[in-house]
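The sequence shown begins at 1 in full-length UniProt numbering and counts up one residue at a time.
The beta-carbon is built from N, C-alpha and C at its ideal position, and this holds for glycine as well.
Nothing here was measured: the structure is a model prediction, and the numbers come from that model.
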Amino acid sequence: MEIFGIAASLLVMFTGFGLLIGLLFGFFGMGGSFLVTPALLVMGYEPSVAVASGLAFVFGTSVIATLKHRDLGQVDYKLGVLMIAGTTAGIEVGKQGLHWMESLGIAGTVVSVAYVVLLGGIGLFVTRNALKDDGGGGISHDADVDGDLDPEDIPDIAKKIQSYEVPPMMTLRGGVTVSLWMILAVAFATGLLSGFLGVGGGFIRMPALFYLVGVPVPVAVGTDLFEIVFSGGIGSFLYALDGAVDLAIVAPLLAGSALGARIGAAATSIVDEDEIKVYFGVMLLLGAIAVAVRKIGGVIEMPILDTVALVIIMGAALLVSSAVVYSSIQELRTPSADTDSITAD
């Protein structure tokens, strides 16, 4: 049985996949292309179609998730525009570096190793800091992001960066004051890595906005999504001009993610911030393992390891999204339990 030219079973699978990725996308502010593209490649789609459809999906989901974060007051548009300017320049330089590596014939190996090291390194750093913070190291979600932050809620690295008062100074949401040049430097650095690795860079920008610039995690997630609207939109438009975007893939993915992204975005205002950081770190660590497995499979010519890598990524997505939903339900039930206890007294 086919619906709109696509098998019903495939339609259901893509819709469910979109729901899962949308939830993670809205919660972490990470692009879903690192999940969608490998899945489509393993399913036998052409690389250009897989990449283009992944970008189109990311664009649509980022719009949905950004609107929800906007409703929650978690998007700093001024910071977002500045980051877009800096990351655009960085991406271009990173792409040129990648082309140079390709001319030397070492791009594939260098990018794979860098990807594993970066994913694993950020994952370990975020997880370690979240586990040892005991509630510190970031503004809580129920705090007023328009109010001034407690100095103890700002990471030490961000405090150091904010201490360099090089005019002009910018005041961001949460009362964060930092030099324009520092913001552009951080944006350029994250863009450089994004361009070199050929990825959207959400897993780089989100922690960079928190640990380096010092903005609250919910605002870091919302602002990162705002950036992805532009990067994903431009990328998918350029691919669409070449006819590489497959709407039979994108449409069901977006149908599922429309709900998932809003649930994930809403969860950021419910779940404890340290839990967000732990989940984010675990997601990156498992991603690093998946990329390493896939690279090893290519080196030793074992295609089955591509499937194993995909299973690891999908398993990680399912595990983390389930944990997000569970934590959200627990947080929603806690006030109710407290109220019942008070009433009983």
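Alpha carbon to alpha carbon, how far is Arg333 from Leu82? In the sequence shown, the residue the question calls residue 333 occupies position 333. In the sequence shown, the residue the question calls residue 82 occupies position 82. Between Arg333 and Leu82, the C-alpha separation is close to 39 Å.
Inspect the CB distances between the segment 54-71 and the segment 253-261 and report whether three or more fall short of 8 Å. The answer is yes - the segment 253-261 touches the segment 54-71, with three or more Cβ pairs under 8 Å.
Beta-carbon separation of Gly202 and Gly86 under 8 Å? Residue numbering aside, residue 202 sits at position 202 when the sequence shown is read from its first letter. Residue numbering aside, residue 86 sits at position 86 when the sequence shown is read from its first letter. No, they are not a contact pair.
Beta-carbon within less than 7 Å of Ala323's beta-carbon, same chain only, minus the 5 sequence neighbours each way: which residues are those? For the purposes of this step, residue 323 is taken as the residue at position 323 of the sequence shown. In its chain, beyond the 5 residues on either side, Tyr279 have a beta carbon closer than 7 Å to the beta carbon of Ala323.
Is Ser269 helix, strand or coil by DSSP? For this step, residue 269 is matched to residue 269 along the sequence shown. For Ser269, the three-state secondary structure derived from DSSP is coil.
Please give the ranges of any alpha helix (DSSP H) in the segment 178-211, keeping only runs that are unbroken, at least 4 residues long and fully inside the region. Fully enclosed alpha helix (DSSP H) runs of no fewer than 4 residues occupy 180-197 and 202-208 of the segment 178-211, in order along the chain.
What is the DSSP secondary structure of Met169, counted as helix, strand or coil? As a position in the sequence shown, residue 169 is number 169, starting the count at 1. Met169: strand per DSSP, three-state reduction.
Check whether the Cβ atoms of Val217 and Phe210 lie closer than 8 Å to each other. Start at 1 with the first residue of the sequence shown, and residue 217 comes out as number 217. Start at 1 with the first residue of the sequence shown, and residue 210 comes out as number 210. Taking 8 Å as the Cβ cut-off, Val217 and Phe210 qualify as a contacting pair.
Per DSSP, cross-strand counterpart(s) of Val176: Translated into positions along the sequence shown, residue 176 becomes position 176. Val176 is bridged to Leu172.
Using the Cα positions of Phe112 and Val213, report the straight-line distance between them to the nearest angstrom. What you label residue 112 is simply residue 112 of the sequence shown in a count that begins at 1. What you label residue 213 is simply residue 213 of the sequence shown in a count that begins at 1. Looking at the sequence itself, residue 112 is Ser, so the reference to Phe does not match. Near 28 Å, if we compare the C-alpha coordinates of Val213 and Ser112.
Start-end ranges of the alpha helix (DSSP H) lying completely within the segment 232-284, minimum 4 residues: 247-267, all fully within the segment 232-284.
Over the uninterrupted alpha helix (DSSP H) stretch that includes Val213, give me the two end residues. Walking along the sequence shown from the start, residue 213 turns up at place 213. For Val213, there is no enclosing alpha helix (DSSP H), as DSSP marks it with neither H nor E.
On a CA-only basis, which of Leu72, Pro155 and Val293 is nearest Ile263? Give me that one, please. Here the question's residue 263 lines up with position 263 in the sequence shown. Of Leu72, Pro155 and Val293, the residue nearest in Cα terms is Leu72.
So does the segment 229-237 actually touch the segment 175-193, counting three or more Cβ pairs closer than 8 Å? Contact fails between the segment 229-237 and the segment 175-193, because fewer than three Cβ pairs, one in each stretch, are under 8 Å apart.
Is Gly222 closer than 8 Å to Val75 when the C-beta atoms are compared? Taking the sequence shown and counting its residues from 1, the one referred to as residue 75 is at position 75. Taking the sequence shown and counting its residues from 1, the one referred to as residue 222 is at position 222. With contacts defined by Cβ atoms closer than 8 Å, Val75 and Gly222 form a contacting pair.
Return helix, strand or coil for Met43, following the three-state DSSP convention. The residue labelled residue 43 in the question sits at position 43 within the sequence shown. Met43 falls in the coil class under three-state DSSP.
Proximity of Phe196 and Leu284 at Cβ, strictly below 8 Å: Position 196 of the sequence shown, counted from the start, is the residue given in the question as residue 196. Position 284 of the sequence shown, counted from the start, is the residue given in the question as residue 284. No.
Can you grab the Cα-Cα spacing for the pair Thr37 / Val293, in whole Å? Here residue 37 is taken as the residue at index 37 of the sequence shown, counted from 1. Here residue 293 is taken as the residue at index 293 of the sequence shown, counted from 1. Rounded to whole angstroms, Thr37 to Val293 spans 16 Å at the Cα level.
Chain-order list of residues whose beta-carbon lies under 7 Å from that of Gly44 (same chain, five-residue window excluded): On the sequence shown, residue 44 is found 44 positions in, with the first residue counted as 1. Within the same chain, Gly44 has no close Cβ partners at all.
Neighbourhood of Leu184 by C-beta distance below 6 Å, restricted to the same chain and skipping five residues each side: Numbered from its first residue, the sequence shown carries residue 184 at position 184. Once the five neighbours on either side are set aside, the close Cβ partners of Leu184 are Gly86.
Three-state secondary structure assigned by DSSP to Ile106: By one-based count along the sequence shown, residue 106 stands at place 106. Residue state, collapsed to three classes: coil.
Taking the beta carbon of Phe17 as the centre, do at least 16 other beta carbons fall within 10 Å, making it buried, or is it exposed? Within the sequence shown, the letter at position 17 stands for residue 17. Flag for Phe17 reads buried.
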